[in-house]
Every structure is written in C-alpha cells, then in structure tokens.
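Chemist:
In the UniProt record's numbering, the protein residues as written are 1 to 365.
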C-alpha cells in the first residue's frame, strides 16, 4: 500500500478559490455530485458486511479506483497502519480532509487530531452522531472507531496524524503536567477503550489556529529540518490548546450516559481547593448528594474522592520540591498535611523515593 499522498495537499488548497487543475477539488466536485444525487437516500455512515454489520455499501460502485487507492478506502473497519499514511522518517502528517468524502467507519494505530477551522461537520463515534462547529478540536487515540462527514462547501477540516511513539514521547508530558486534569486527559486517551477521545471547543481562537496554519505551511514545504520543525510547532499547538482551553473540553462519560454535567469543572474545583476540600462541601457546592458525587468521581477517574485529593496534593508537593526552596515540612503543611511523617509515607508510595531524594534527583536533570 502506498503512503498517503501528501503532495496532493498544498497551501493553495487550504484557503484559495477552486482552480481547474487542482486534483483535490476535482475529487471533491465528483464526491459532491454523488452526494447530491443521493441526498434523498439514507446518508448514514457506511458500515460493511465484512465487519459484521450487514449494511449495504451504496457508494462503493460509484467511487473510482483512484480515490480508493489514494485514500485507502476499503469499506471495512480494519486498522489503518501509520506506515500507510505517515512517510518514513516523519513523525506526523498534516492533511486537509476532503469535503463530501463518505463517512466510512474506520480505525487506525496512530493518534488523529481533527481541527475544524471553518464551517461544520458530523462526527460518528460509539454509535452516536456529534455536530462539530468552527473551532472544535478532536483528539482521538489509536483504536478509536469513528467517521467524519464534511458535507459542506464551507467546511475546512485539518487532520494531524501522529505516530503513537511520537505522541507518547513528545506530547505526553504536555498532557500530564502534574495536574489532576492532565492525568485525567491521559487516562481518557490511553485507558478508556470505548471513549478514548477529547473534544475541545476552542471557538474563534485566532492565535491558536494561526499556529495550525504555520504547521500546515511547514507540511507543504520542502525545507531542511522539516520533521523537527513540525514536531516543535505541533508541541506548541498542544501547549497553547491546553493552556487556553482546558476548561472548554468535552469529556465523554465512561458509562455512556449523556445526562451528566461537564466533569472538567469538578476536576478544576478539586484542583483549586485541594488543601482543605472535603466531600460534603464539594457536594453542596455542585448541589449533588455525596453518594452521587462519589459515583461520578469513581466512574470518570477510576479512583475514589480521597485518592484523587491525595494525588493532587502529592503532585503539588512534587512541583514545590522541584521549583522552590521550601523545606519538606513547609511543603507538607502547604499541601494540606500537618503530619510530616504521614506526608513522607504517602510521597514514597507515589514516587518511590523520599521527598528530599526526589528534589535532588529532579534538580540533577
């Protein structure tokens, strides 16, 4: 199977008007015509008998061999290997999603970040349809079965495809920056098999999408150190996204229910009040019963309320050991532990070394 043809994407296809010799637009026009011809038919996502779904594939005969070969549309939910999309020697690929491409359910063994720059589109995941609007950024972990349908002339959707090894080494630190929210993002992407995605509502954040534009320009260039530059720009993009929009993230309920509030606000409340927080005060603040709050926290994080608070306190203690000159006893008091011996014991359980040894080791780095 040939690698994904990045050459078909260039900066002119991102914003410029249509031109007669642009293959992307020729394909889009063809797909648009097929879409309009069948608009009275069932336009739901296309699944395959091979995958055990038993749904007839209406579009297969109409999409020519070139499109199938170019975009690896095989009408099944097999893993799409990163070697088929990301060129050898590269860590990531930035590509514009073709409008009117039928929404075939698929999965792959790399991370996919879908950035909706303009317009709107539909996203299908876990048997549900989501409406994505301008500024939405969807981060999907490997193995996520999903489909995207951009049936709108005004839709501009940019995909960032990242090797799993690159995401783990280069971007995981950004996601796990010693905060409970960062840890929760990581767990959602890596350990929640049915709901392994994060949806950020970035809105009209011009500075963030300007970074995405720089990243796209770099993809379309042939300059030296291209891969290294793309990695650096992508890391900046993720850092700004998390710094500016961590409160604007939608996190799917692990139980599959849709009637719960945005769990991020509960995490942020715990993060900001960790020194003296207790379950009753938090339940009263959010107008929950204590029993319901306990269930919510356990469902989303896989840990009890007390374990979450302990993790927050110890993470803050680790940050203070690394970045301040406070004594261990002062840090213990500051993060909410009046008993220094108890604090030392908990710290060793989490970090496998005493606080002072942790400080020395981290400062050597």
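Yeah, the Cβ is synthetic: ideal placement off N, Cα and C, and Gly gets one too.
Are the CB atoms of residue 296 and residue 321 nearer to each other than 8 angstroms?
Modeler: No.
Chemist: Does the Cβ of residue 151 have 16 or more other Cβ atoms within 10 Å, making it buried, or fewer, making it exposed?
Modeler: buried
Chemist: Which of the three DSSP states is assigned to residue 112 in this structure?
Modeler: strand
Chemist: Does the contact criterion of 3 or more C-beta pairs under 8 angstroms hold for the stretch 112-127 versus the stretch 154-162?
Modeler: yes
Chemist: Does chain C have any CB closer than 8 angstroms to the CB of residue 210?
Modeler: Any reference to chain C falls outside this structure, which holds one protein chain only.
Chemist: Apart from the five residues on each side of it in sequence, which residues of its chain come closer than 6 angstroms, Cβ to Cβ, to residue 125?
Modeler: In chain order, 146 place their CB closer than 6 angstroms to the CB of residue 125, counting only its own chain and leaving out the 5 sequence neighbours on each side.
Chemist: Based on Cα-Cα distance, which residue from 199, 342, 274 lies nearest to residue 407?
Modeler: Nothing about residue 407 can be reported from this structure: the residues present for the chain run from 1 to 365 only.
Chemist: Got a sec, what are the start and stop residues for the alpha helix (DSSP H) residue 312 sits in?
Modeler: 305-323
Chemist: What does the alpha-carbon distance come out to for the pair residue 237 and residue 85?
Modeler: Looking at the backbone, the Cα of residue 237 and that of residue 85 are separated by about 21 angstroms.
Chemist: Less than 8 angstroms between the CB atoms is what I'm expecting for residue 282 and residue 269, so what's the real figure, rounded?
Modeler: 6 angstroms
Chemist: Since I believe residue 104 is in contact with residue 142 (beta carbons under 8 angstroms), could you give me their beta-carbon distance rounded to a whole number of angstroms?
Modeler: Between residue 104 and residue 142 the Cβ distance is about 18 angstroms, and since that is not below 8 angstroms, they are no contact.
Chemist: Apart from the five residues on each side of it in sequence, which residues of its chain come closer than 6 angstroms, Cβ to Cβ, to residue 166?
Modeler: 91
Chemist: Pick from 169, 162, 100: whose alpha carbon is nearest that of residue 114?
Modeler: The shortest Cα separation from residue 114 among 169, 162, 100 belongs to 162.
Chemist: Given residue 309, which residues of its chain have a CB within under 7 angstroms of its CB, disregarding the five upstream and five downstream residues?
Modeler: 270, 274, 277
Chemist: Comparing C-alpha positions only, which one of 279, 216, 211, 201 sits nearest to residue 136?
Modeler: Looking at the Cα atoms, 201 is the closest of the given residues.
Chemist: Given that a residue counts as buried once 16 or more other Cβ atoms are within 10 Å of its Cβ, and exposed if not, what is residue 313?
Modeler: buried
Chemist: In the DSSP assignment, what residue or residues form a beta bridge with residue 249?
Modeler: 200
Chemist: If I measure Cβ to Cβ from residue 28 and keep anything under 7 angstroms in the same chain, skipping five residues before and after, which residues do I get?
Modeler: 98, 99, 100
Chemist: Give me the Cα-Cα distance between residue 47 and residue 148, rounded to the nearest whole angstrom.
Modeler: Low local confidence applies: a pLDDT of 47 at residue 47 is under 50, so the model's placement there is unreliable, with the coordinate-based value given in what follows. Each residue's alpha carbon lies about 13 angstroms from the other.
Chemist: Return yes when the Cβ of residue 298 is within less than 8 angstroms of the Cβ of residue 304, no when it is not.
Modeler: yes
Chemist: Between the Cα of residue 251 and the Cα atoms of 186, 323, 354, which residue gives the shortest distance?
Modeler: It is 186 whose Cα lies nearest to the Cα of residue 251.
Chemist: By a C-beta neighbour count over all protein chains shown, 10 Å radius and 16 as the cutoff for buried, is residue 36 buried or exposed?
Modeler: exposed
Chemist: Report the residue from 209, 224, 218, 220 whose alpha carbon sits nearest the alpha carbon of residue 240.
Modeler: 209
Chemist: Identify the residues that DSSP records as bridge partners of residue 159: which are they?
Modeler: In DSSP, residue 159 forms a bridge with 95, 114.
Chemist: Which residues mark the beginning and the end of the alpha helix (DSSP H) in which residue 269 is found?
Modeler: Boundaries of the alpha helix (DSSP H) around residue 269: 263-272.
Chemist: Comparing C-alpha positions only, which one of 229, 144, 38, 356 sits nearest to residue 127?
Modeler: Per the Cα distances, 144.
Chemist: Measuring alpha carbon to alpha carbon, tell me which of 196, 171, 204 ends up nearest residue 133.
Modeler: 204
Chemist: According to DSSP, what are the bridge partners of residue 125?
Modeler: Answer by DSSP bridge pairing, in chain order: 128, 146.
Chemist: Roughly how many angstroms lie between the CA atoms of residue 249 and residue 272, to the nearest whole one?
Modeler: 18 angstroms
Chemist: Thinking C-beta only, is residue 139 closer than 8 angstroms to residue 214?
Modeler: no
Chemist: If residue 334 sits next to residue 346, beta carbons under 8 angstroms apart, how far is it from one beta carbon to the other, in whole angstroms?
Modeler: Contact flag wrong, Cβ pair sits at about 15 angstroms.
Chemist: With DSSP collapsed to three states, give me the class of residue 5.
Modeler: With a pLDDT of only 40 at residue 5, under 50, the local geometry of the prediction cannot be trusted, and the value read off the model is given with reservation. Residue 5 falls in the coil class under three-state DSSP.
Chemist: Which residues in the same chain as residue 336 place their Cβ atom closer than 7 angstroms to its Cβ, once the five residues preceding and following it in sequence are excluded?
Modeler: 274, 275, 276, 313
Chemist: Which same chain residues end up closer than 7 angstroms to residue 170 when comparing Cβ atoms and leaving out the 5 residues on each side of it in sequence?
Modeler: 231, 235
Chemist: Measure the C-alpha to C-alpha separation of residue 225 and residue 302 and round it to an integer number of angstroms.
Modeler: 42 angstroms
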